[in-house]
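Asker:
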């Protein structure tokens with residue numbers, strides 16, 4: 004049975020309106036009342052103002068979705084049809100896949116990628132929200148995480164996301180405690196720029212929600228994602244193979260809780276980073 008979908012693609016002006024995929028529903032954010040919240044503001048507002056239909060897949064994508072994933076609406080819809088058949092609740096459209104698979108989780112990636120202090124700050128927020136999560140030991144991979152909020156999911160996921168988002172928004176906007184003040188700080192972004200650190204904390208919520216709610220999530224699949232990336236010619240095949248191995252070790256660890264897989268990942272991730280660094284002159288390093 005084909006998946007029922009309501010996938011929206013956000014636009015901000017006439018130029019971004021022209022970039023939209025005709026297979027998605029345009030979502031107007033030309034007012035852009037809170038640019039400091041990026042897509043978070045748009046998603047939260049939509050979910051607060053609209054009832055979601057059961058058994059329907061919802062997504063809220065940026066205009067750059069195809070550029071970042073290599074997927075157009077037809078490809079995405081075919082994967083959602085497969086999810087409908089397999090009984091999954093959440094689909095992760097892969098963006099910045101190398102950063103996802105090369106590091107144990109996206110918060111550790113952010114910590115060493117320029118957002119210094121994000122791990123302890125995010126941990127303080129999750130403690131405040133009453134979530135039982137230890138960021139340092141948590142593991143994310145292609146099947147339970149993607150960047151850019153490129154998550155397409157059934158209503159149960161979005162209800163859980165909204166609950167967490169509302170707590171996060173409230174403490175960030177209104178709390179006078181040290182936690183609220185720290186969440187209102189900026190962090191480095193794109194080397195020469197800065198952006199609110201809250202943006203990078205909320206972007207990394209998806210795997211936390213999937214794990215906490217024990218949802219069935221998937222991506223195009225460990226083998227297919229490298230193929231999608233290879234078609235774009237962005238990463239050489241040897242590096243892709245190494246990164247895919249990193250991802251597989253994390254998936255196997257998550258499925259079995261066997262420390263051997265996590266240790267194998269740690270070895271492979273350092274090798275992958277060395278290769279990535281030599282190719283891209285990147286300054287990040289896995290932990």
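In the working numbering, the protein residues as written are 4 to 290. Even for Gly, the Cβ is constructed at its ideal location relative to N, Cα and C.
(1) Is the separation between the beta-carbon of residue 279 and that of residue 101 shorter than 8 Å?
(2) Mapping the DSSP letters down to three states, classify residue 225 as helix, strand or coil.
(3) To the nearest angstrom, how far is it from the Cα of residue 252 to the Cα of residue 75?
(4) Can you tell me the Cα-Cα spacing of residue 269 and residue 96, whole angstroms?
(5) Work out the CA separation of residue 115 and residue 148 for me, nearest whole Å.
(6) Is residue 155 helix, strand or coil when you go by DSSP?
(7) Once the 5 residues before and after residue 271 are set aside, which same chain residues still bring their CB inside 8 Å of it?
(8) Please identify the residue among 10, 254, 4 whose C-alpha is closest to the C-alpha of residue 220.
(9) I need the straight-line Cα distance from residue 98 to residue 67, nearest angstrom please.
(10) Of all the options 52, 48, 42, 94, which has the alpha carbon lying nearest to the alpha carbon of residue 59?
(11) Residue 290 to residue 162, Cα distance in whole Å?
(12) Rounded to a whole number of angstroms, what is the C-alpha to C-alpha distance between residue 33 and residue 263?
(13) Nearest to residue 155 by CA position, among 209, 138, 41, 238, is which residue?
Answerer: Reading off the structure:
(1) yes
(2) coil
(3) Spanning the alpha carbons of residue 252 and residue 75 requires a straight line of approximately 29 Å.
(4) 25 Å
(5) 18 Å
(6) In this structure, residue 155 counts as strand in the three-state DSSP scheme.
(7) 245, 248, 249, 252
(8) 254
(9) 10 Å
(10) 94
(11) Summary for residue 290: the model assigns pLDDT 48, below 50, so the residue's position carries little reliability; its value from the coordinates is reported in the next sentence. Looking at the two C-alpha atoms, the distance is approximately 32 Å.
(12) 50 Å
(13) Ranking the options by Cα distance to residue 155, first place goes to 209.
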